[in-house]
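Trainee: My questions will all concern the structure given below.
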């Protein structure tokens, strides 16, 4: 039993040796192939079992691969004018950096290639960007914004927000006034109507904030196709809010 | 025009175009177009280089086509192009070792020679850069092999010859 294990180990050692030479690019002629084959024959003759045949076949395959490697090695050597690797290493060590660079330049023909944005590439980029899913939270952009720029942006946003709030407040007051004057719910379309489409659109947009925040209730009668507005002085909390889509058509100037 | 655009503008991660891509755009006689373009490029000091896939030496459809400089660069060209002499010397050493050993060598052996010229960190940096640029490849078990860019840009036999001759020139001068 012990003898069987020893021969198996020996075969595995041969396989490992062949693999190492192949993987690490070592000189395949450092191994005596004839000796390996003789050893393999002896092992096969002494152990005629199925288990052994499998590992014998594997060993034989590895040795064959090594022979193929010897063939390739010889061909490469012939191509490289049989220059000895050791000699090259010694010469490289003796040469100075400038001479080495000069030697490289004699054999170097760099690739010429340009990287340029084309309309097709731009289109591909845009398509890719549009196909990206939205990211949760804030999107991080590649460019850097300075503190000063950030302050300016914040100030501008605050101003815009303030102007918007004033407009919403004015619209709320107007709505309350008209409601008091009329004493009944106001027609949505009559209320939002401005001098032009731009103004109508803006009033509808601002009104949507008042509705969302609970300052205005909307009553819709689908039979008469009517949308009525009932304003409140204070914010009213809704028990079951629903959304309503109203589309506007016209040309923006 | 189409062939020149395809060859000069990088449209993939790597430069160069496959033969079948040229065939698709230029038709089945694309090699005639390539030959005509090559003769025009030669007037400008450029040329088209064809690199075949291993084991498919005559299959032009599977081969890659590149535009390369036809004449060697000078040292001043090299510096003007932003290369450091140290880096090129390191590349020269690495490729010479790999070429002389049939295209493959353990990283340890290459570093051993590089460390005779540069500190270890520098040698490793240059190797990493060469790997990134595609001049060499790092296989498992820390074995280095010739990369795709070397196969295109470097005449390996000429490099070994130049290394030997450069040394001999120096010896003659010292005599």
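Residue numbers (this note's numbering), protein chains in the order written: chain Z, 1 to 253; chain R, 1001 to 1175.
For glycine and all other residues, C-beta sits at the position ideal for the given N, C-alpha and C.
In this text the structure is predicted, and so the values were computed from the model without any measurement.
1) Excluding the five sequence neighbours on either side, which residues of its own chain have a C-beta within less than 7 Å of the C-beta of residue 58/Z, listed in chain order?
2) Along chain Z, in chain order, which residues have C-beta atoms closer than 7 Å to that of residue 1101/R?
3) Suppose you measure from the CA of residue 245/Z to the CA of residue 195/Z; what does that come to, to the nearest Å?
4) In whole angstroms, what separates the C-alpha of residue 248/Z from that of residue 192/Z?
5) Is it buried or exposed, residue 1049/R, if we count other Cβ atoms within 10 angstroms and call 16 or more buried?
6) Return no unless some Cβ of chain Z is closer than 8 Å to the Cβ of residue 1151/R.
7) Does residue 189/Z get closer than 8 Å to chain R when you measure Cβ to Cβ?
8) Alpha carbon to alpha carbon, what distance is there between residue 54/Z and residue 1065/R?
9) Quick one: measure Cβ to Cβ for residue 107/Z and residue 1154/R, integer angstroms, because I've assumed they're closer than 8 Å.
10) In terms of alpha-carbon separation, which member of 1139/R, 1133/R, 1110/R lies closest to residue 1150/R?
11) What residues in its chain sit with their C-beta under 7 Å from that of residue 18/Z, if we drop five residues either side in the sequence?
12) So, for residue 34/Z: in the same chain, excluding its five sequence neighbours on each side, which residues have a beta-carbon less than 7 Å away from its beta-carbon?
13) When you compare the CB of residue 30/Z with every CB in chain R, is at least one pair closer than 8 Å?
14) Flag residue 1023/R as yes if its beta-carbon sits less than 8 Å from any beta-carbon of chain Z, otherwise no.
15) Taking 8 Å as the threshold (beta carbon to beta carbon), is residue 1175/R in contact with chain Z?
16) Indicate the three-state DSSP secondary structure (helix, strand or coil) for residue 83/Z in the structure shown.
17) Quick one: using the 10 Å Cβ neighbour count with 16 as the cut-off for buried, is residue 95/Z buried or exposed?
18) Which chain R residues are close to residue 115/Z, counting only those with a beta carbon under 7 Å from its beta carbon?
19) If you compare alpha carbons, which of 1135/R, 1081/R, 1068/R, 1088/R is closest to residue 1008/R?
20) What whole-angstrom Cβ distance do residue 1110/R and residue 1097/R have, given they're in contact under 8 Å?
21) Can you tell me where the beta strand (DSSP E) with residue 230/Z in it begins and where it stops?
22) Could you confirm whether any beta carbon from chain Z is found closer than 8 Å to the beta carbon of residue 1031/R?
23) Please compile the residues from chain Z whose C-beta is within a distance smaller than 9 Å of the C-beta of residue 1086/R.
24) How many Å lie between residue 1086/R and residue 1074/R at the Cα?
25) Determine whether the Cβ of residue 14/Z lies closer than 8 Å to any Cβ atom of chain R.
26) Taking Cβ positions only, does residue 256/Z come closer than 8 Å to chain R?
27) In chain Z, which residues lie less than 7 Å from residue 1092/R when you measure between Cβ atoms?
28) How many whole angstroms separate the CB atoms of residue 1090/R and residue 1126/R, which I take to be in contact at a CB cut-off of 8 Å?
29) Residues in its own chain within less than 8 Å of residue 1107/R by CB, not counting five upstream and five downstream?
30) Out of curiosity, what's the CA-to-CA distance linking residue 21/Z and residue 1162/R?
31) Could you give the C-beta distance for residue 1159/R and residue 1099/R, rounded to a whole number, given that I count them as a contact under 8 Å?
32) Report the three-state DSSP secondary structure of residue 61/Z (helix, strand or coil).
Mentor: From the atom records:
1) The sequence position of residue 58/Z within the first chain is 58, counting from 1. These residues qualify, in order along the chain: 15.
2) Position 101 of the second chain, counting from 1, holds the residue named residue 1101/R. Simply 25, 85.
3) Walking along the first chain from the start, residue 245/Z turns up at place 245. Walking along the first chain from the start, residue 195/Z turns up at place 195. Residue 245/Z and residue 195/Z: Cα-Cα distance of roughly 23 Å.
4) Here the question's residue 248/Z lines up with position 248 in the first chain. Here the question's residue 192/Z lines up with position 192 in the first chain. Approximately 11 Å, taken between the alpha carbons.
5) Your numbering for residue 1049/R matches position 49 in the second chain. Result: buried.
6) As a working mapping, residue 1151/R is identified with position 151 in the second chain. Closer than 8 Å: no.
7) Taking the first residue of the first chain as 1, we reach residue 189/Z at position 189. Judged by the 8 Å Cβ criterion, residue 189/Z is not in contact with chain R.
8) On the second chain, residue 1065/R is found 65 positions in, with the first residue counted as 1. On the first chain, residue 54/Z is found 54 positions in, with the first residue counted as 1. Each residue's Cα considered, the two are about 46 Å apart.
9) Position 107 of the first chain, counted from the first residue, corresponds to residue 107/Z. Position 154 of the second chain, counted from the first residue, corresponds to residue 1154/R. Confirmed, Cβ separation roughly 5 Å.
10) Here the question's residue 1150/R lines up with position 150 in the second chain. Among 1139/R, 1133/R, 1110/R, the Cα nearest to that of residue 1150/R is on 1133/R.
11) Position 18 of the first chain holds residue 18/Z. Around residue 18/Z: 62, 63, 65, 66.
12) Residue mapping note: residue 34/Z aligns to position 34 of the first chain, counting from 1. Counting only Cβ-Cβ distances below 7 Å, and skipping sequence neighbours, we find nothing.
13) Within the first chain, residue 30/Z is the residue found at index 30, counting from 1. Not one chain R Cβ lies under 8 Å of residue 30/Z.
14) Along the second chain, read from residue 1 onward, the residue named residue 1023/R stands at position 23. Not one chain Z Cβ lies under 8 Å of residue 1023/R.
15) Your numbering for residue 1175/R matches position 175 in the second chain. Unreliable positioning characterises residue 1175/R in this predicted model, as indicated by a pLDDT of 42, which lies under 50. The coordinate reading is nonetheless provided below. No, because no Cβ of chain Z sits closer than 8 Å to the Cβ of residue 1175/R.
16) The sequence position of residue 83/Z within the first chain is 83, counting from 1. Coil, per DSSP.
17) Within the first chain, the letter at position 95 stands for residue 95/Z. Buried is the call here.
18) Within the first chain, residue 115/Z is the residue found at index 115, counting from 1. By Cβ distance, chain R contributes 1010.
19) In the second chain, residue 1008/R corresponds to position 8, counting from 1. Here the closest residue by C-alpha is 1068/R.
20) As a first step, residue 1110/R must be located in the second chain, where it is residue number 110. As a first step, residue 1097/R must be located in the second chain, where it is residue number 97. Their Cβ separation, rounded to whole angstroms, is 5 Å, which keeps residue 1110/R and residue 1097/R in contact under 8 Å.
21) As a first step, residue 230/Z must be located in the first chain, where it is residue number 230. From DSSP, the beta strand (DSSP E) with residue 230/Z extends over 226-231.
22) On the second chain, residue 1031/R is found 31 positions in, with the first residue counted as 1. Cβ-Cβ to chain Z under 8 Å: no for residue 1031/R.
23) If you number the second chain from 1, residue 1086/R lands on position 86. Correct list: 97, 101.
24) Against the second chain, residue 1086/R aligns to sequence position 86. Against the second chain, residue 1074/R aligns to sequence position 74. Each residue's alpha carbon lies about 15 Å from the other.
25) Here residue 14/Z is taken as the residue at index 14 of the first chain, counted from 1. False, the Cβ-Cβ gap to chain R never drops below 8 Å.
26) Any answer about residue 256/Z is impossible in this case: the structure gives chain Z only from 1 up to 253.
27) Position 92 of the second chain, counted from the first residue, corresponds to residue 1092/R. Going along chain Z in sequence order, the residues near residue 1092/R (Cβ under 7 Å) are 100, 101, 103, 104.
28) Translated into positions along the second chain, residue 1090/R becomes position 90. Translated into positions along the second chain, residue 1126/R becomes position 126. Right, their Cβ atoms sit about 4 Å apart.
29) Counted from its first residue, the second chain places residue 1107/R at position 107. Here the set comprises 1127, 1138, 1142, 1143, 1144.
30) Residue 21/Z sits at position 21 when you count from the first residue of the first chain. Residue 1162/R sits at position 162 when you count from the first residue of the second chain. Approximately 29 Å between the Cα atoms of the pair.
31) By 1-based counting over the second chain, the position of residue 1159/R is 159. By 1-based counting over the second chain, the position of residue 1099/R is 99. With 8 Å as the limit, residue 1159/R and residue 1099/R qualify as a contact, their Cβ atoms being about 6 Å apart.
32) Along the first chain, read from residue 1 onward, the residue named residue 61/Z stands at position 61. In the structure shown, residue 61/Z sits in a helix (DSSP, three-state: H, G or I).
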